[in-house]
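In our numbering, the protein residues as written are 12 to 232.
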């Protein structure tokens, strides 16, 4: 039976991982590739060696790698990064002018420039229809406003934790896991909010790292 060669791709640092059919491309971790996604074409980074799987074990709606990224693809990605900063500043000006109760976090251009996604936080619902019209008229492309939570904001903005290291969520943590005060208690930590809370104001993600180990050790005492 013919088998598929699958590689894992990530589109952002510490971003979610997606599997693609590598076809006959010879790929190694770190390679830049162009793939087709539900949002259109995108530039991704290979993070695993190709692995063989049976066709019936393939993820549903498995897409294929289109090509290895060329120099012009990398230049386009770099250009998009600069345009994102300009778009974010322009949008911030419009938000301030309209006195809107929202905090802009990041702007993202799709690879082909067909849409700009603006990520923001807000305490409640925001009517941004007039803002979207302003942005669409200025940038001459589709606009999407996407509200995110405080943990996602910290992941996108980045920073240093109380440990002095780069935030886990922005450096390597690809998925958020549930964290509770129970985990801090099990590890004998002082329940001081300033000591067990992260930049986002929520409980530290790292409280979950050693929780199971502490539970297993207690069983032997």
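Heads up, the beta-carbon is just placed ideally off N, CA and C, and yes, glycines get one too.
In the structure shown, residue 101 adopts helical secondary structure according to DSSP, grouped into three states. Here residue 116 is buried, its C-beta having at least 16 other C-beta atoms within 10 Å.
One Cα belongs to residue 27, the other to residue 151, and the distance between them is close to 30 Å. Counting along the chain, the unbroken alpha helix (DSSP H) around residue 205 starts and ends at 204-207.
With a threshold of 16 other beta carbon atoms within 10 Å, residue 223 falls short and is exposed. For a cut-off of 8 Å, the C-beta gap from residue 87 to residue 122 is around 7 Å, short enough to register as a contact.
Rounded to the nearest whole angstrom, the CA to CA distance from residue 33 to residue 109 is 47 Å.
Taking the C-beta atoms as reference points, residue 208 is found no nearer than 7 Å to residue 25.
Only residues of its own chain outside the window of five on either side were considered, and among them 115 have a CB closer than 6 Å to the CB of residue 103, listed in chain order.
Excluding sequence positions up to five before and after residue 45, its CB lies within less than 7 Å of the CB of 52, 54, 77, 78, 80, 84, all in the same chain and listed in chain order.
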